[in-house]
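Here the structure is laid out as structure tokens; the discussion comes afterwards.
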Amino acid sequence: MKILSLKSSYVLSDIKYPVVSSVRKSDKIPFLTLEIHTNEGIIGVSYIQAFNKQVADATSSIVAFLEKLLIGKNPLAIEERNKEMWERTKLFGHSGIVTFAISLIDIALWDIKGKTYNQPVYRLLGGEENSFDAYASDGLWLTNLDSIMKQSEELVSIGFTSIKMRMGRKNIKEDIEILDALRNHWGNELNIMVDVNQGWNRKQAKEMLDILKKYNVYWVEEPLDTNDLEGYNQLTLSSKTPVCFGENIYGMNNVFTCLAQNTSNYFTPDLQRIGGITGWLKIAPILEYYRVPCAVHLFPEYAVHLMSTYPYSEKVEWMSWSSALFINPLTCENGTIKIPDSPGFGMNLLKN
Numbered sequence: 000m001k002i003l004s005l006k007s008s009y010v011l012s013d014i015k016y017p018v019v020s021s022v023r024k025s026d027k028i029p030f031l032t033l034e035i036h037t038n039e040g041i042i043g044v045s046y047i048q049a050f051n052k053q054v055a056d057a058t059s060s061i062v063a064f065l066e067k068l069l070i071g072k073n074p075l076a077i078e079e080r081n082k083e084m085w086e087r088t089k090l091f092g093h094s095g096i097v098t099f100a101i102s103l104i105d106i107a108l109w110d111i112k113g114k115t116y117n118q119p120v121y122r123l124l125g126g127e128e129n130s131f132d133a134y135a136s137d138g139l140w141l142t143n144l145d146s147i148m149k150q151s152e153e154l155v156s157i158g159f160t161s162i163k164m165r166m167g168r169k170n171i172k173e174d175i176e177i178l179d180a181l182r183n184h185w186g187n188e189l190n191i192m193v194d195v196n197q198g199w200n201r202k203q204a205k206e207m208l209d210i211l212k213k214y215n216v217y218w219v220e221e222p223l224d225t226n227d228l229e230g231y232n233q234l235t236l237s238s239k240t241p242v243c244f245g246e247n248i249y250g251m252n253n254v255f256t257c258l259a260q261n262t263s264n265y266f267t268p269d270l271q272r273i274g275g276i277t278g279w280l281k282i283a284p285i286l287e288y289y290r291v292p293c294a295v296h297l298f299p300e301y302a303v304h305l306m307s308t309y310p311y312s313e314k315v316e317w318m319s320w321s322s323a324l325f326i327n328p329l330t331c332e333n334g335t336i337k338i339p340d341s342p343g344f345g346m347n348l349l350k351n
């Protein structure tokens, strides 16, 4: 089998709940999708978040650059293809859009491999058919109390027992008031994750984690700037409120540094920043060595395949944003996601 071509496409998808966080606002989500065509008619598909049209265009240019390297090569020799891509991009630096492009390609190669052997990817990785509890990550952004309570009602009514709310408002008291209302309304029957999107400084984070103890939150995600590893270490060691971190970390070496420095209680790697499925296979032994509970950031279509192979897997993050990309999207029913048993990742891109 040989690679014939790579075709990337920019897609702007509508979402149910507009994003309002400490790092961005958006009522649509930009994606970059990819099709890798082979001479045997098998097509591998994948997607990443693009953030905006400029990032999508820049990432597409790297994909086009790497296409020249990959045409005529065997798509099933995924490790070798990865070595070639990382080697060819050494002078560009291995973060940002370079890693986005390589991750996008890598995921599509794994889709090809599954389709070639007529097996779902989780079986190729040694996993078993499974279902996972999910936590709802749609909604509960930095909006008003009435909106957040209504959204929590909607999510619980369709079976979720775990939901994520955002913090990081300029008025920290408002963050606390909304969490207080959620906890008083639902009691302890509902798991509540908190995501700050890097919105606090060290002083604010320490004070808030102390306050949040009484609310029994499941974790507090990204309370500090991603680069403040010392701050994360201090929070993790001093707080009784669990700290979650990892979505903005690039590559195996940086993941190792974070875990060695004890930066969090939970780790949430992002597939488009760690190098796709092959990148996951490189960091998984490190995560397992440190016995870190892990939940892949977003990408539920891929996360369920990976979590089936990891002994300390956490609840899968359910975000419906990418559903509009696929003919047969992944579904979450009663707060549970079942791994698709179709070849590859079990999905095909919509053509329009």
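Numbering that gives the first Met the number 0 applies: residue 0 is where the sequence shown begins, and numbers increase by one.
Glycine included, each C-beta is placed from N, C-alpha and C at the ideal position.
What residue from Phe131, Lys169, Asn170 and Leu208 has the CA that sits closest to Cys293's CA? Out of Phe131, Lys169, Asn170 and Leu208, the CA that lies nearest to the CA of Cys293 is found in Phe131.
By the three-class DSSP mapping on this structure, what secondary structure does Glu221 have? Correct three-state label for Glu221: coil.
Reference Ile42; option with closest CA among Leu5, Asn51 and Val62: Comparing alpha carbon positions, the residue from Leu5, Asn51 and Val62 closest to Ile42 is Leu5.
Below 7 Å between beta carbons: does that hold for Leu31 and Ala55? Yes, they are a contact pair.
Which residue from Ser20, Val22, Ser8 and Val19 puts its Cα closest to that of Pro29? Nearest Cα to Pro29 within the set Ser20, Val22, Ser8 and Val19: Ser8.
Report the option in Val195, Ile61, Gly40 and Asp105 whose CA atom is closest to the CA atom of Pro222. For Pro222, the nearest C-alpha among the options comes from Val195.
To which residues does DSSP link Trp199 through a beta bridge? The partner list for Trp199 (beta bridge, DSSP) is empty, contrary to what the question assumes.
Beta-carbon spacing of Ala107, Leu33 below 7 Å: Yes, they are a contact pair.
Please work out which residues of its chain come closer than 8 Å, Cβ to Cβ, to Asn333, disregarding the five sequence neighbours upstream and downstream, and give them in chain order. For Asn333, same chain residues with a beta-carbon under 8 Å away, outside a window of 5 residues either side, are Ile157 and Gly158 in chain order.
By the three-class DSSP mapping on this structure, what secondary structure does Gly250 have? Secondary structure of Gly250 (DSSP, three-state): helix.
To which residues of the same chain is Glu300 closer than 7 Å at the C-beta, ignoring the five residues directly before and after it? These residues qualify, in order along the chain: Ser321, Leu329, Phe344 and Met346.
Buried or exposed (CB count within 10 angstroms, at least 16 for buried), Ala259: The Cβ neighbour count for Ala259, taken over all protein chains shown within 10 Å, is under 16; the residue is labelled exposed.
Tell me where the alpha helix (DSSP H) around Pro284 begins and ends. Where Pro284 is concerned, the enclosing alpha helix (DSSP H) stretches over Gly275 to Tyr288.
Mapping DSSP to helix, strand and coil, what is Arg165? Note: Arg165 maps to strand in three-state DSSP.
Excluding the 5 residues preceding and the 5 following His304 in the sequence, name in chain order all residues of the same chain whose CB lies nearer than 6 Å to its CB. Only Val120 and Tyr121 meet the Cβ criterion.
C-alpha gap between Thr240 and Glu220, whole angstroms: Going by the C-alpha atoms only, they are around 11 Å apart.
Cut-off 7 Å between Cβ atoms - residues of its own chain near Ala355, not counting five sequence neighbours on either side: What is shown of the chain runs 0 to 351, which leaves residue 355 out entirely.
Using only the alpha-carbon positions, how far apart do Tyr214 and Leu234 sit? Linking Tyr214 to Leu234 through their CA atoms gives a straight-line distance of about 17 Å.
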